[in-house]
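Chains as they are written, first to last, in this note's numbering: chain A, 13 to 152; chain B, 13 to 152; chain C, 155 to 235; chain D, 155 to 235.
Cβ coordinates follow ideal geometry from the N, Cα and C atoms, glycine included.
Source: prediction; values computed, not measured.
Encoded as structure tokens, the structure appears first; notes follow it.
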């Protein structure tokens with residue numbers, strides 16, 4: 013299982029990079045993509061995002077999340093890729109894929125991974141607006 | 013919202029066909045792929061699957077599932093594509109994608125759609141084994 | 155009157171190729187169509203408890219009346235996805 | 155002794171470009187490093203309650219002792235995904 017794919021990617025994430033989780037024994041594959049939206053949560057027009065990461069600790073966090081998902085949900089294969097740097101609206105900022113023999117474990121593991129990533133991975137996001145100064149936005 | 017993609021596809025499903033759900037306002041995208049596995053649930057070696065559908069009622073069922081998902085989970089865009097005919101191990105048999113402004117609704121809607129599809133869509137699956145006669149397998 | 159009969163999966167294999175349509179008295183109910191089907195294809199009997207019957211693409215109750223040209227579909231437990 | 159200091163997001167913008175490292179007495183604790191940082195960059199004070207401090211990439215308690223060459227990282231609330 014050591015061959016899961018965990019990556020920080022400069023620029024937009026290519027969503028296919030997480031497809032490697034599927035194989036002949038793991039037929040249920042759930043993929044989450046976080047795509048840069050043109051609206052912020054408070055409705056302001058967004059023109060882009062910038063991501064920053066404390067790189068090594070972030071990758072270590074991805075690894076810890078994958079191990080925890082396996083302990084909780086059994087035989088699941090996971091891949092996580094997160095963008096760093098400048099992104100435009102429509103770009104993929106994060107891709108998480110989980111594969112399992114059946115869909116329940118794949119859904120649970122994929123959801124667990126993105127929830128935990130957003131809760132604790134040392135990554136930060138700055139929203140660039142059509143009007144006004146850019147602002148760092150936390151997940152809290 | 014009438015432009016969701018609902019399809020029965022002859023032969024393997026191209027997973028990209030459900031990517032149409034994402035747009036600039038719906039940044040959380042969850043995709044489920046059901047890939048033909050090389051093992052049946054009772055461990056027998058599988059070499060392929062054949063799917064049959066009562067086509068019009070199946071498509072109508074997909075539409076009903078999408079409307080129900082919207083009532084339950086709010087502003088979600090859904091796409092469903094299911095294969096009919098002969099499939100080999102590794103082929104995509106079903107693809108369901110859900111997009112929403114945030115990931116929770118996208119996960120819930122995607123999971124609801126595949127669970128309901130498997131519970132009630134008039135589609136049937138025959139497992140072809142390396143050894144022995146093929147067998148129809150119900151989801152019950 | 156005459157109703158078309160289709161079936162899926164294992165039931166199709168049981169029904170084929172012998173039967174495509176069913177002649178029934180005017181105003182016959184779904185239940186009566188089933189009785190006739192069982193008479194013509196006894197192997198269907200074992201599946202009665204697990205199958206559903208659709209009339210023109212929608213699940214039909216056994217007391218639903220049929221009209222000429224209707225399509226009856228025999229649906230075994232589903233297996234999609 | 156000397157410890158390197160890095161910060162992220164808004165804290166990086168507050169810290170830059172003035173400060174890259176911190177001179178501290180031998181055996182100084184994380185808490186003392188923070189007090190020194192606040193003295194040098196008063197604007198940091200407002201963020202104390204929401205930020206976390208990592209030592210060599212792992213979250214550190216304020217009573218953790220530092221050694222020469224350590225890396226201290228100031229981590230605001232995260233915003234990944």
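- Neighbourhood of residue 54(A) in chain B, by CB distance below 7 Å: empty, with the nearest CB roughly 13 Å away.
- Residues of chain C with a Cβ closer than 9 Å to the Cβ of residue 66(B) are, in chain order, 160, 162, 208, 211, 227, 229.
- Taking C-beta atoms under 8 Å as the contact rule, residue 211(D) and residue 151(A) fail to qualify, at a distance of about 20 Å.
- The shortest CA-to-CA distance from residue 157(D) to any of 177(D), 164(D), 172(D) is the one to 177(D).
- Separation of residue 120(A) and residue 24(B) (C-alpha to C-alpha, rounded to the nearest whole angstrom) is 26 Å.
- Counted as a single uninterrupted DSSP element, the alpha helix (DSSP H) harbouring residue 79(B) occupies residues 67 to 85.
- Residue pairing from DSSP places residue 148(B) in a beta bridge opposite 138(B).
- Per DSSP, the unbroken alpha helix (DSSP H) holding residue 116(A) starts and ends at 115 to 132.
- The beta carbon of residue 218(C) lies closer than 7 Å to those of 183, 184, 209 in the same chain, with the five residues before and after it left out.
- Between the stretch 161 to 180 of chain C and the stretch 85 to 104 of chain B there are fewer than three C-beta pairs closer than 8 Å, too few to call the two in contact.
- Sequence-distant Cβ neighbours of residue 102(B) in its own chain, meaning closer than 7 Å and more than five residues away, are 47, 48.
- Interface annotation, residue 152(B): in contact with chain C, CB-CB separation under 7 Å.
- The stretch 134 to 150 of chain B and the stretch 58 to 67 of chain B touch, with no fewer than 3 CB-CB distances between them shorter than 8 Å.
- Residue-level contact by beta carbon holds for residue 232(C) and chain B, with a gap shorter than 7 Å.
- Excluding sequence positions up to five before and after residue 224(C), its CB lies within less than 8 Å of the CB of 157, 158, 209, 210, all in the same chain and listed in chain order.
- Within 7 Å of the CB of residue 81(A), no CB atom of chain D is found; the nearest one sits about 16 Å away.
- Listed along chain B, the residues sitting closer than 7 Å to residue 101(A) by beta-carbon distance are 36.
- In the three-state reduction of the DSSP assignment, residue 219(D) falls in the strand class, which pools E and B.
- Setting aside the 5 residues that flank it on each side, residue 67(B) is surrounded in the same chain by 20, each with a C-beta closer than 7 Å to its C-beta; the list follows chain order.
- For residue 109(B), the secondary structure class from DSSP, reduced to helix, strand or coil, is strand.
- Distance from the CA atom of residue 202(C) to the CA atom of residue 136(B), rounded to whole angstroms, is 17 Å.
- The residues 17, 43, 91, 92, 93, 107, 108, 109, in chain order, have a CB closer than 8 Å to that of residue 30(B) in the same chain once the five nearest residues on each side in sequence are set aside.
- The beta-bridge partner set that DSSP reports for residue 177(D) consists of 156(D).
- Taking CB atoms only, residue 42(A) has a neighbour in chain B less than 7 Å away.
- Linking residue 89(B) to residue 126(B) through their CA atoms gives a straight-line distance of about 14 Å.
- Going by DSSP, residue 19(B) is part of the beta strand (DSSP E) stretching over 17 to 22.
- Leaving aside the five residues that flank residue 84(B) on each side, the residues in its chain whose CB is nearer than 7 Å to its CB run, in chain order, 124.
- Comparing alpha carbon positions, the residue from 213(D), 179(D), 188(D) closest to residue 134(A) is 213(D).
- Under the three-state reduction of DSSP output, residue 166(D) falls in the helix class.
- The criterion of a C-beta distance shorter than 7 Å is satisfied by residue 130(A) and residue 235(D).
- For the set 28(B), 39(B), 112(B), the Cα lying nearest the Cα of residue 50(A) is the one of 39(B).
- Membership of residue 41(B) in the beta strand (DSSP E) is indicated by the continuous run 40 to 47.
- Apart from sequence neighbours up to five positions away, the residues of its chain that approach residue 168(D) with a beta-carbon distance below 8 Å are 161, 195, 197, 198, 201, ordered along the chain.
- Between the C-alpha atoms of residue 221(C) and residue 155(C) there is a straight-line separation of about 7 Å.
- In this chain, the beta strand (DSSP E) harbouring residue 91(A) covers 89 to 100.
- Residue 58(A) is bridged by DSSP to 141(A).
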